[in-house]
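Enquirer:
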């Protein structure tokens, strides 16, 4: 036995540490999924087995011919394990499997060339996909959509909120990690060593491998290779696309969407002709400046604010939104459905749509315009109101650099910006400034400028931000889901914490409206959610409805439920209200001005006309018809002569072809 195992103190200590870490992960799996005896026993056994494998002597290696054979074989196992993080490899067709396999093989060849041995090269070729797949797993868990190339722009923002997320390790994830460690163990036992070869030969091999990798990326981005392999090109449901195409091929093929594609039929003259249709209709109108009688406008985009009742009528220990629900029965506010393009994250995309009137429907799936496309002054609701005489302010009680807001807000025309350090002595919840303090800042701005020009303040809150699974000393789930008594899990408790946070928003919003109800100056408050929370928060609701989470992607009518949030339009004076209104975020800014009676920009006027035919346009679907009879469609169903395609032409001129932008039309 001594010929096989190394019982030195160093080896025993290393084996013990690895086994202990893996058993801790097994314990985390029990916490996440609940106790299952056979899974627990298997987890402990594999932990001891993998830890004990470190006791095998280094000298025991596979023969060279076996080592050579493992170079093309181990990437197959690595590919399968990577897919198992979120899907199963059986979902891939043979041609798509092979296309993904090439990437894993090239990565292993690159590792062997750079490190000079199969031992290190195969470890590299296994470890990189493992880390990438693990990151993608948690990205999908947190925001319900897979990782995309432009997420690299968001790393700083993601890191700033990561502490409030709980990294659960369910048994499924644990066993995938075990599989990767087993593959790494096999790779470490190979015996081909090139380090003694001439350095020039190794350099040539490394350069050739890099060339292969570059060629692979360029090829997968082309339509020809996509058609040959049969890649799914339906951006409608990113999770399905990644399941059908494989993580690597799907990620690489998305690189071609880094830039906004010029729409068919685009030219500056085409945009001018579309703009003229509105200018002709409005040329006789007199644009008046705002006066002291013009209402103050407060817009609150509330983080992860939603009403999960869209999934069905579920019962709770008490109403999680009593004040806002009561407004539905009164004439004090307009409450409608707002359709957004994101879920569980990418907050900045909803504010982009609201403030600019542009739609994520014409931009690459998963892109973030604040980070990718806005690099200079941009027409917006803030710039338009500033031109009308409003004092414009943007507020966000968190870090200024998040989503590049410190740069983007001035480019959007905001005169004043307020970030975390500008909120004096706020109360916090889970480390975030709570809504009560966030709303109090709005009243402070109002009181500081009384008697001057009317105020437009746009605030993005933080209280309800994701990360509901962790235990917090200052957050107890006061709201309980009826039907889970005695059957609570990490996810049900997270849902209850989320609903408790929503109730705190409800209380803060009531206090804000009560304050302005006592003020003489006319004031309008619009509050809406940026997106729903991640799917794991909504899943317990679906289970109460007797439904499986897979129902989300069964039809566009089911999918839309995950992208609808409430909007509440309140005023301290009589304002015409609409019932059962449904609208998407790109229209909401112009809709707000129209309700108040303020002049619209040419772009807002054009969108107002488009809304009559297409009241909802998001990145995931569009709808046509009246509010009570909306018909939702996938983007592939859009007719060629649709006005939505004209919208794309105008947006491209506004956002991408800014050197030839029709400034007077958009501002």
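Residue numbers (the numbering used here): 274 to 940.
For glycine and all other residues, C-beta sits at the position ideal for the given N, C-alpha and C.
For residue 300 and residue 792, I'd like the C-alpha separation in whole angstroms.
Expert: 56 Å
Enquirer: Classify residue 533 as helix, strand or coil using the three-state DSSP reduction.
Expert: Residue 533 falls in the coil class under three-state DSSP.
Enquirer: Going by the beta-carbon positions, is the gap between residue 666 and residue 730 smaller than 9 Å?
Expert: yes
Enquirer: Leaving aside the five residues before and after residue 284 along the sequence, list all residues of the same chain whose C-beta is less than 7 Å from its C-beta, in chain order.
Expert: 327, 328
Enquirer: Counting beta carbon pairs with one atom in the region 670-688 and one in the region 913-932, are three or more of them shorter than 8 Å?
Expert: no
Enquirer: In chain order, what residues of the same chain lie with their CB nearer than 6 Å to the CB of residue 612, ignoring the 5 residues before and after it?
Expert: If we look at residue 612 and ignore the five residues flanking it on each side, its Cβ neighbours are 836, 837, 857, 889, 891.
Enquirer: Provide the residue(s) that pair with residue 665 in DSSP beta bridges, ordered along the chain.
Expert: 729
Enquirer: How far does the beta strand (DSSP E) with residue 904 in it extend, from its first residue to its last?
Expert: 904-906
Enquirer: Distance, Cα to Cα, residue 526 vs residue 914?
Expert: Rounded to the nearest angstrom, the two C-alpha atoms are 28 Å apart.
Enquirer: So what does residue 754 bridge to, in DSSP terms?
Expert: DSSP output for residue 754 lists 589 as bridge partner(s).
Enquirer: Report the rounded CA-to-CA distance for residue 917 versus residue 886, giving the unit in angstroms.
Expert: 9 Å
Enquirer: Which one of 774, 814, 457 has the shortest CA to CA distance from residue 705?
Expert: 774
Enquirer: Would residue 312 be called buried (16 or more neighbouring beta carbons within 10 Å of its own) or exposed?
Expert: buried
Enquirer: From residue 713 to residue 371, what does the alpha carbon distance come to, in whole angstroms?
Expert: 58 Å
Enquirer: Reducing DSSP to helix, strand and coil, say where residue 734 ends up.
Expert: coil
Enquirer: So residue 897 is in the beta strand (DSSP E); what residue range does that whole segment cover?
Expert: 895-897
Enquirer: If you drop the 5 nearest sequence neighbours on each side, which residues of the same chain put their C-beta closer than 6 Å to that of residue 541?
Expert: 933
Enquirer: Hey, residue 517 and residue 364 are a contact pair by Cβ (cut 8 Å); roughly how many whole angstroms apart?
Expert: 6 Å
Enquirer: Roughly how many angstroms separate the alpha carbons of residue 577 and residue 617, rounded to a whole number?
Expert: About 7 Å.
Enquirer: What did DSSP end up calling residue 801 once you bin it into helix, strand or coil?
Expert: Here DSSP, grouped into helix, strand and coil, assigns residue 801 to strand.
Enquirer: Give me the Cα-Cα distance between residue 350 and residue 456, rounded to the nearest whole angstrom.
Expert: 7 Å
Enquirer: Please report how far the alpha carbon of residue 580 lies from the alpha carbon of residue 751, in whole angstroms.
Expert: 17 Å
Enquirer: Can you give me the C-alpha to C-alpha distance between residue 289 and residue 324, rounded to a whole angstrom?
Expert: Roughly 6 Å between the two C-alpha positions.
Enquirer: Could you give the C-beta distance for residue 524 and residue 420, rounded to a whole number, given that I count them as a contact under 8 Å?
Expert: 7 Å
Enquirer: Skipping 5 residues on each side, what residues in its chain have a beta carbon closer than 8 Å to that of residue 558?
Expert: With a pLDDT of 47 at residue 558, under the threshold of 50, the predicted position of this residue should be treated as unreliable, and no value is reported.
Enquirer: Have a look at residue 425 and residue 562 and give me their C-alpha separation to the nearest angstrom.
Expert: 43 Å
Enquirer: Does the Cβ of residue 344 have 16 or more other Cβ atoms within 10 Å, making it buried, or fewer, making it exposed?
Expert: buried
Enquirer: Taking just the CA atoms, how far does residue 287 sit from residue 622?
Expert: 47 Å
Enquirer: Quick one: which unbroken beta strand (DSSP E) runs of 3-plus residues sit fully inside the region 486-522? Chain order, please.
Expert: Runs of the beta strand (DSSP E) inside the region 486-522: none found.
Enquirer: Is the number of C-beta pairs between the region 469-486 and the region 392-412 that are closer than 8 Å three or more?
Expert: no
Enquirer: Tell me, to the nearest whole angstrom, how far the beta carbon of residue 778 is from that of residue 726; I am working on the premise that it is less than 8 Å.
Expert: In fact, because the Cβ distance is near 29 Å, the residues do not count as touching under 8 Å.
Enquirer: With DSSP as the reference, label residue 282 as helix, strand or coil.
Expert: helix
Enquirer: By Cβ distance below 7 Å, which residues in the same chain neighbour residue 722 in space, the five residues on each side in sequence not counted?
Expert: 664, 728
Enquirer: Would you mind giving the Cβ-Cβ distance between residue 894 and residue 833, rounded to the nearest angstrom? I have them listed as a contact below 8 Å.
Expert: 6 Å
Enquirer: Is it true that the CB of residue 629 sits closer than 9 Å to the CB of residue 927?
Expert: yes
Enquirer: Got a sec? Which residues, its chain only, sit under 8 Å from residue 553 by beta carbon, not counting five neighbours each side?
Expert: In this prediction, residue 553 scores a pLDDT of 40, lower than 50, which makes its location untrustworthy; the coordinate-derived value is nonetheless stated afterwards. Result list for residue 553: empty, nothing under 8 Å.
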